[in-house]
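One structure is given below, encoded as structure tokens.
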Amino acid sequence: MAETITPEIFEHLVELAALDLDDEEASYLRRELNGQLKAIHELESIEVAEDIPITSHGVPYSEAISAPLREDVIASCKEADDILAQAPEVEDRLFVVPDIPHEDLS
Amino acid sequence: MIVETCDLPAHELVRRLKQGEITAVGILESTVARIDAVEGRAPTTAPYQAEAMDQEKIHAYITLTLDRAHEQAQAVDRALEAGEDPGVLAGVPISIKDIFCLRGTPSTAGSRILENFISPYTATPASRLEAAGAVTLGKVNLDEFTYGSSNESSAFLPPPGNPWDPKRVPGGSSGASAAAVAAGESTISLGTDTAGSIRQPASFCGVVGLKPTYGRVSRYGLIAFASSLDCPGPVTRDVTDAALALQVIAGQDPYDATTAAIPVDDYLSGLEKGVAGMRIGLSPDYFRLRYPDPETGELQEQPVAPEIAAAVRQAAAILAEAGAEIVEDVAMPNTQYGIPAYFVISRVEAASNLHRYDGVKYGLRYEGAVEDMIELYQKSRGQGFGPQPKLRILMGMYVSAEQYEKDYYQKALRVRTLIRRDFETAFDPQGDHRLDCLLTPTTPTTAFEIGRVYGDTVLMQYADLLTVPANHAGIPGISIPAGLDSLNLPIGIQLLGPDFSEAKLLRVARAYEMATDAEAWRKGKPKVLEAT
């Protein structure tokens, strides 16, 4: 696990993350990522026995303390207009977006 | 010394209000006058040119909601006049960290990408505070999306100043929450804690910060960072106010399935019952720090600042005097792995949570011409996010990539188990230590100067070294003021307890507060208030 984030890996991550970055920002971010990776490498030195399970959150959620599932009922959304009002562009109560990349199969 | 109304704790305000000595509108006016005196220019996203005056003021509020506050204060006064119960927080001025949605207000997360987002609904803990009679003064600044420990990463600048020395940071990410409470700009603030974001700023600003057990307080309406770690909680003037605020916000919520179906304790009735017979632990692992050298990146070990270590030991002596048994040398060997594990877990969760910002349904959309949807995403996210969210997205994607996931993410989650086991062992009622709680420093240092650490994201993260284990483990923690250092900056001490042991932690904290009530440092005043 001694990898560093090379410019090529970085470019791939930026593409996956859908971020438009200028050169100066990209160079700062890559440097910081590699700094953080050094700190993360400290994990390597920790002996973790094979039978140690993962903890995805600290407090165990037994059935006794978990909230029961809510009933599956249809309810109207009172805030629909307020939510639509937040959209950058709406037409006939539909969100408007630019062309979605697609392949023409015909 | 005359104490102004806006500097009183909430429980005292409510007492005076109910006895007819003051009105809710009067409390509000006192607090607004304080805001006018210490706030300075409002933080905005305009290109930031620092001015000399900036480092003399607090700049806590991104949005002031004074119309809402006036309506709420008048409603409290009307209820009192009509002989109705106005609520347990009647007339108490509160501020809300701008990571919570509050219906009808901009809810920015300190980010350009949400600068114009007006929330269509209210977060559960905020609505519970308002339903209890609290008066909402506004939304306060934070690190962008809570990503930081100094408040300097907000897109809204000037950054908040520390009331004890505004040239220094208030901590973060609930930095403006702590600054506002310390400076009398709000009596209580609702914050969040993902790695220490309530406790660290509370420590830096000389106030009380409580991170409840994960699942004790609803996260509904909280703009998500790391969903397995985020915890809403109060920042307050004193321990009684922390108990009061937690009493209001705690409990199950049908809108957050992670809220636990465990009855909420009465945090107030046993608050002053003392610590006789309690077992309070000290761990050497919380007095030494391992962190990377900023120059070489090599890991080095250092003790916590001597004045902070001394304050913790002094607190242990005071609690022993009050009847507690102090248990030394409690091993917490996995404390040091809290930050490396956090670098992985929080980034994976943050990257996942930040995918929703796409310039389509809400938030910033790039206004120039774009070829297609992908370019719209790239330009909107590129323009809307600052460097801290971008770093978290990129690191989250890297460490969760298929070829690295086992070595990084899975390993970090298993290290999290080890951190949790340290606490389970220490608190085990049948174990060697049988602790009621652990007493530690909250932070390795007191507040640092604005600009000194910001930019070095590794060093900044290590400010949370002593607070992040509680987030991994899900357990509750509280930071309380415990003196001033030689620079007249607040020192905080931390109490950590088992799941859902908030009542006990508050009791220990209150015992310390009562035992040190007459100490000279308690009469110290933040620098920003000297001129008022």
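Residue numbers (the working numbering), protein chains in the order written: chain A, 1 to 106; chain B, 1001 to 1532. Here a beta-carbon is modelled for each residue, glycine too, at the ideal position from N, C-alpha and C. What you are looking at is a predicted structure, and each value in this text was computed from that prediction instead of being measured.
Segment limits, alpha helix (DSSP H) that includes residue i
i: A:ASP82; result: 80-84
i: A:GLU24; result: 23-40
i: B:LYS1018; result: 1010-1018
i: B:ASP1165; result: Neither: B:ASP1165 is in no alpha helix (DSSP H) and is coded neither H nor E.
i: B:GLY1175; result: 1175-1182
i: B:CYS1205; result: 1199-1205
i: B:LYS1504; result: 1502-1515
i: B:THR1240; result: 1239-1249
Residue of the options minimising C-alpha distance to residue i
i: A:VAL97; options: B:ALA1351, B:ALA1369, B:TYR1342; result: B:ALA1369
i: B:GLY1196; options: B:LYS1211, B:SER1186, B:LYS1273, B:PRO1387; result: B:LYS1211
i: B:GLY1161; options: B:GLN1055, B:ASN1353, B:ARG1112; result: B:GLN1055
i: B:GLU1071; options: B:ASN1116, B:ALA1060, B:THR1136; result: B:THR1136
i: B:ARG1392; options: B:LEU1222, B:SER1153, B:SER1218, B:SER1346; result: B:SER1346
i: B:TYR1048; options: B:PRO1158, B:THR1258, B:SER1486, B:VAL1088; result: B:PRO1158
i: B:THR1236; options: B:LEU1080, B:SER1479, B:LEU1484; result: B:SER1479
i: A:GLY58; options: B:THR1213, B:ALA1182, B:GLU1152; result: B:THR1213
i: B:ASP1256; options: A:PRO68, A:ALA64, A:ALA17; result: A:PRO68
i: B:GLU1424; options: B:ALA1520, B:CYS1437, B:ALA1412; result: B:CYS1437
i: B:GLU1029; options: B:VAL1304, B:GLU1039, B:ALA1069; result: B:ALA1069
i: B:TYR1337; options: B:LYS1411, B:VAL1312, B:ASP1266; result: B:LYS1411
i: A:ILE54; options: B:ILE1339, B:ARG1414, B:ASP1193; result: B:ARG1414
i: B:PHE1385; options: A:PHE10, A:ALA17, A:THR4, A:THR6; result: A:ALA17
i: B:LYS1273; options: B:GLY1455, B:ALA1503, B:PHE1448, B:LYS1361; result: B:ALA1503
i: B:ILE1096; options: B:ARG1128, B:LYS1057, B:PRO1498; result: B:ARG1128
i: A:ALA87; options: B:ILE1099, B:ALA1082, B:ASN1116; result: B:ASN1116
i: A:VAL14; options: B:LEU1495, B:MET1397, B:VAL1327; result: B:MET1397
i: B:GLY1603; options: B:THR1122, B:ARG1112, B:GLN1494, B:GLN1430; result: Not covered by the structure: residue 1603 of chain B. The range shown for chain B is 1001 to 1532.
i: A:ALA64; options: B:ALA1010, B:HIS1472, B:THR1259, B:SER1218; result: B:THR1259
i: B:ASP1238; options: B:GLY1110, B:GLU1021, B:CYS1205, B:ILE1450; result: B:CYS1205
i: B:THR1457; options: A:ARG31, A:VAL73, A:SER66, A:ILE52; result: A:ARG31
Supposed contact pair residue j and residue i - C-beta distance, whole angstroms, cut 8 Å
i: B:ALA1309; j: B:PHE1287; result: 6 Å
i: B:ILE1280; j: B:LEU1435; result: 7 Å
i: B:VAL1032; j: B:ALA1073; result: Rounded, the Cβ-Cβ distance is 10 Å, inconsistent with contact.
i: B:ALA1202; j: B:ALA1178; result: 5 Å
i: B:ALA1324; j: B:VAL1264; result: Contact flag wrong, Cβ pair sits at about 25 Å.
i: B:ALA1463; j: B:GLN1200; result: 6 Å
i: B:SER1189; j: B:VAL1181; result: 5 Å
i: B:LEU1017; j: B:GLY1104; result: Actually they are not in contact, since the Cβ atoms of B:LEU1017 and B:GLY1104 sit about 26 Å apart, beyond 8 Å.
i: B:ALA1350; j: B:ALA1226; result: 6 Å
i: B:PRO1594; j: B:ILE1475; result: For chain B, the structure presents residues 1001 to 1532; residue 1594 of chain B sits outside this window and is missing.
i: B:ASN1353; j: B:ALA1224; result: 4 Å
Residue i versus residue j - alpha carbon distance
i: B:GLY1184; j: A:ALA26; result: 41 Å
i: B:LEU1319; j: B:ALA1511; result: 7 Å
i: B:TYR1291; j: B:GLU1367; result: 43 Å
i: A:GLU44; j: B:ALA1052; result: 46 Å
i: B:MET1332; j: B:ALA1134; result: 40 Å
i: B:THR1044; j: B:THR1108; result: 11 Å
i: B:TYR1061; j: A:GLN36; result: 31 Å
i: A:LYS38; j: B:LEU1459; result: 12 Å
i: B:GLN1252; j: B:ASP1372; result: 44 Å
i: A:MET1; j: B:GLU1012; result: Residue placement at A:MET1 cannot be trusted, given a pLDDT of 49 that sits under 50; the coordinates are not used to answer.
i: B:THR1543; j: B:LEU1080; result: Because chain B here runs from 1001 to 1532, residue 1543 of chain B falls outside it and cannot be looked at.
i: B:LYS1167; j: B:VAL1207; result: 18 Å
i: B:ASP1407; j: A:GLU8; result: 21 Å
i: B:GLY1277; j: B:PHE1500; result: 20 Å
i: B:GLU1307; j: B:ASP1485; result: 6 Å
i: B:GLY1524; j: B:VAL1014; result: 25 Å
i: B:ILE1088; j: B:ASP1241; result: First, the amino acid is wrong: residue 1088 of chain B is Val here, not Ile. Whole-angstrom Cα-Cα distance: 11 Å.
i: A:GLU47; j: A:ASP99; result: 51 Å
Beta strand (DSSP E) segment containing residue i, residue limits
i: B:ARG1279; result: 1279-1281
i: B:GLU1325; result: 1325-1327
i: B:ASP1230; result: Per DSSP, B:ASP1230 belongs to no beta strand (DSSP E) and is neither H nor E.
i: B:LYS1211; result: 1208-1211
i: B:ASP1193; result: 1188-1193
i: B:ILE1094; result: 1093-1097
i: B:GLU1301; result: 1299-1303
Legend entry - Contact residues within the region 1379-1396 of chain B, judged by C-beta distance below 8 Å to chain A: Those residues of the region 1379-1396 of chain B placed with their C-beta closer than 8 Å to a C-beta in chain A are LYS1379, ARG1381, GLY1382, GLN1383, PHE1385, PRO1387, LYS1390, LEU1391, ILE1393, LEU1394, MET1395, ordered along the chain.
Inset, instruction - Could you please tell me which residues of the region 12-26 of chain A, in chain order, have their CB closer than 8 Å to any CB of chain B? - result: Result list: LEU13, VAL14, LEU16, ALA17, ALA18, LEU19, ASP20, LEU21, GLU25.
Inset, instruction - Give the residues from the region 80-104 of chain A that approach chain B closer than 8 Å (Cβ to any Cβ), ordered along the chain. - result: Among the residues of the region 80-104 of chain A, those with a Cβ less than 8 Å away from any Cβ of chain B are ASP82, ILE83, ALA85, GLN86, ALA87, PRO88, GLU89, PHE95, VAL97, PRO98, ASP99, ILE100, PRO101, in the order of the chain.
Inset, instruction - Pull out every residue of the region 41-61 of chain A whose Cβ sits closer than 7 Å to any Cβ of chain B, in chain order. - result: Legend: CB atoms of the region 41-61 of chain A lying less than 7 Å from CB atoms of chain B belong to residues GLU42, LEU43, ILE46, VAL48, ILE52, PRO53, ILE54, THR55, SER56, HIS57, GLY58, VAL59.
Inset, instruction - Give, in chain order, every residue of the region 1234-1261 of chain B whose Cβ lies closer than 7 Å to some Cβ of chain A. - result: For chain A, the residues of the region 1234-1261 of chain B that bring a beta carbon within less than 7 Å of one of its beta carbons are GLN1252, PRO1254, ALA1257, THR1259, ALA1260, ALA1261, in chain order.
Inset, instruction - Name, going along the chain, the residues of the region 1221-1232 of chain B whose beta-carbon falls closer than 7 Å to a beta-carbon of chain A. - result: For the region 1221-1232 of chain B, the set of positions with a beta-carbon nearer than 7 Å to some beta-carbon of chain A reads SER1228 in chain order.
Inset, instruction - Select from the region 1411-1422 of chain B all residues with a C-beta closer than 9 Å to any C-beta belonging to chain A, and list them in chain order. - result: Within the region 1411-1422 of chain B, the residues whose Cβ lies closer than 9 Å to any Cβ of chain A are, in chain order, LYS1411, ALA1412, LEU1413, ARG1414, VAL1415, ARG1416, THR1417, LEU1418, ILE1419, ARG1420, ARG1421.
Legend entry - Contact residues within the region 1115-1139 of chain B, judged by C-beta distance below 9 Å to chain A: Taking 9 Å as the upper bound on Cβ-Cβ separation, chain A lies near residues ASN1116, PHE1117, ILE1118, SER1119, PRO1120, TYR1121 of the region 1115-1139 of chain B.
Inset, instruction - Mind checking the region 1321-1351 of chain B against chain A and listing, in chain order, the residues whose C-beta falls within less than 7 Å of any C-beta there? - result: Cβ contacts with chain A: TYR1337, ILE1339, PRO1340, ALA1341, PHE1343, VAL1344.
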